[in-house]
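Everything below concerns the one structure shown next.
Chains as they are written, first to last, in our numbering: chain L, 8 to 213; chain S, 16 to 321.
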């Protein structure tokens, strides 16, 4: 029996639909009642819902064999897992955004507000730009408006929130989408099983 | 006093059985220094799993570090006496713990074969790593790779040097999308990208995969790599052996075979090793070397629930 950690919320629901279409699941994951884990004995799979940012932790530590996680979280946490498949859903972009007229002239240390400290650090290091990273938990768009930072590094889906706050995308760091990840030890023992799941999921999302 | 062994915990018995196995093949136990000068580790930082070390100023003012690794110290002290050194150790090392929030004392046992190392010694070390895993009494896998396979593959496809690091990262995480994106950025043709993905992400049971690996060889470096894997695993029960080119090692240190051991129910690798002739060269020592470490903390830590 392989266990899969799904992220709570819309992404988890979409993935569960993919699993249903692949013949690996049935029913509605949101109607689990008090059950925290649902099993599909025929497919040999067990599902549970966890906070999206915890999925990679469950998989890396082997509490789940497989998991679905956004590339943003995977890149930020640098979890030691296999990243087997891009599901092509939950698509968005990791971007640098700031006031429309902002120009970084390099004359002083750039102040960057973000939830994604590691991604921002790595990005600016690759550019050789000295930055002060300001870690925030949410409402990142507020930081440049209140003068807390010059720019932000954040996920941009439609760009609507940025526009409403007079901000613009200044650079794209990487595309983001949901990934299927696997625990490295489990993969050594169950590679053919896991590869079969990957293949079926690929067929469904094509 | 008849049943003296009865007071030993299962873990202590396993460690004793590892010792008996190593000594049966002529390996002798050594004690490594507890600390080395900080700059010694700094010069070899790419070999270490983490750049973070516990440092302190010694009484004479020298900056020292608690050892994060044992192999470097062993090579430094035993790497130049001209003979064949068959050594093993049981030591604690100090590295960032699994949560990454604090340092941890990690119990490690390891075996090193340094100096006049030939084909027989390489096979013997692989055999000992296989037998060590077997001694745990649990289902296990020994995954084997060779630096020459991916290195040769990159050369044959003329991957520009600046893209190789990112490709190695994608291969290590078996990430086909990352691999393709980097290969595209590196200017590889569609046909070459398909081939790179197929060859670099090849893994599976040794008996099934080895012939395919030979078919994918584009140059003598790749051919030699697969040939050496085949020779080294000859005689071991292939049902527990996997070929997996995602095992990663820094080419500045590793020169040939690389391998990792896994135990069912553990969440991380419990054994890792490889041939590290290039480390000897880097440290101006003559000869060749191969060895492995068993991570006792991982081996005897809490079990995962089934």
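Ideal Cβ placement from N, Cα and C applies to all residues, glycine included.
Per-residue contacts from residue i into chain L (C-beta, under 7 Å)
i, result
"residue 190/S", "90"
Closer than 7 Å: residue i CB and nearest the ligand ZN heavy atom
i, result
"residue 28/S", "As far as ligands go, the structure on display features none, and thus does not contain the ligand ZN."
Identity of the residue in the options nearest residue i by Cα
i, options, result
"residue 100/S", "279/S, 271/S, 37/S, 61/S", "37/S"
"residue 85/S", "288/S, 208/S, 155/S, 41/S", "288/S"
"residue 10/L", "155/L, 33/L, 23/L, 46/L", "46/L"
"residue 157/L", "115/L, 57/L, 210/L, 100/L", "115/L"
"residue 157/S", "315/S, 309/S, 18/S", "309/S"
"residue 91/L", "130/L, 50/L, 127/L, 81/L", "81/L"
"residue 69/S", "43/S, 92/S, 108/S, 41/S", "108/S"
"residue 184/L", "76/L, 65/L, 21/L, 50/L", "76/L"
"residue 189/L", "182/L, 200/L, 179/L, 180/L", "200/L"
"residue 118/L", "106/L, 112/L, 138/L, 124/L", "138/L"
"residue 242/S", "159/S, 33/S, 47/S, 80/S", "159/S"
"residue 144/L", "136/L, 163/L, 160/L, 122/L", "122/L"
"residue 174/L", "147/L, 57/L, 127/L", "147/L"
"residue 213/L", "162/L, 107/L, 106/L, 96/L", "96/L"
"residue 300/S", "88/S, 186/S, 279/S", "88/S"
"residue 290/S", "266/S, 278/S, 231/S, 190/S", "266/S"
"residue 196/L", "226/S, 256/S, 187/S", "256/S"
Beta-carbon neighbours of residue i, restricted to chain S and to distances below 8 Å
i, result
"residue 191/L", "277, 283, 284"
Where residue i meets chain S, residues with beta-carbon distance less than 7 Å
i, result
"residue 6/L", "Outside the shown range of chain L (8 to 213) lies residue 6/L, about which nothing can therefore be said."
Buried/exposed call for residue i, threshold 16 Cβ in 10 Å
i, result
"residue 249/S", "exposed"
"residue 19/L", "buried"
"residue 171/L", "exposed"
"residue 313/S", "buried"
"residue 63/L", "buried"
"residue 191/L", "buried"
"residue 29/S", "buried"
"residue 73/L", "buried"
"residue 153/L", "exposed"
"residue 235/S", "exposed"
"residue 14/L", "buried"
"residue 59/L", "buried"
"residue 203/S", "buried"
"residue 283/S", "buried"
"residue 96/S", "exposed"
"residue 93/L", "buried"
"residue 251/S", "buried"
"residue 83/S", "buried"
"residue 77/S", "exposed"
"residue 61/S", "exposed"
"residue 114/S", "exposed"
Neighbour flag for residue i against chain L, beta carbons, 8 Å
i, result
"residue 219/S", "yes"
"residue 314/S", "no"
"residue 154/S", "yes"
"residue 158/S", "yes"
"residue 311/S", "no"
Interface flag, residue i vs chain S, CB-CB below 8 Å
i, result
"residue 195/L", "yes"
"residue 198/L", "yes"
"residue 69/L", "yes"
**OP:** With a floor of 4 residues, list each alpha helix (DSSP H) that falls wholly inside the segment 166-233 of chain S, ordered by position along the chain.
**Re:** 176-187, 191-200, 205-215, 221-230
Original post:
What residue ranges within the segment 65-120 of chain S form continuous alpha helix (DSSP H) runs of no fewer than 4 residues, ordered along the chain?
Top reply: 86-93
**OP:** Enumerate, from N- to C-terminal direction, the unbroken alpha helix (DSSP H) stretches of 4 or more residues contained entirely within the segment 247-315 of chain S.
**Re:** 292-297, 311-315
**OP:** Would you mind listing the beta strand (DSSP E) stretches within the segment 31-57 of chain L that are 3+ residues and don't spill past its ends, in chain order?
**Re:** 44-47, 52-57
Subject >> Contact residues within the segment 243-268 of chain S, judged by C-beta distance below 7 Å to chain C >> reply: Considering every chain present, this structure includes no chain C. Its protein chains are L and S.
Original post:
Going along the chain, which unbroken runs of the beta strand (DSSP E) with 3 or more residues stay wholly within the segment 164-213 of chain L?
Top reply: 174-183, 185-189
Original post:
Can you list the beta strand (DSSP E) stretches of 3 or more residues lying completely in the segment 68-122 of chain L, in chain order?
Top reply: 73-77, 89-93, 99-106, 117-121
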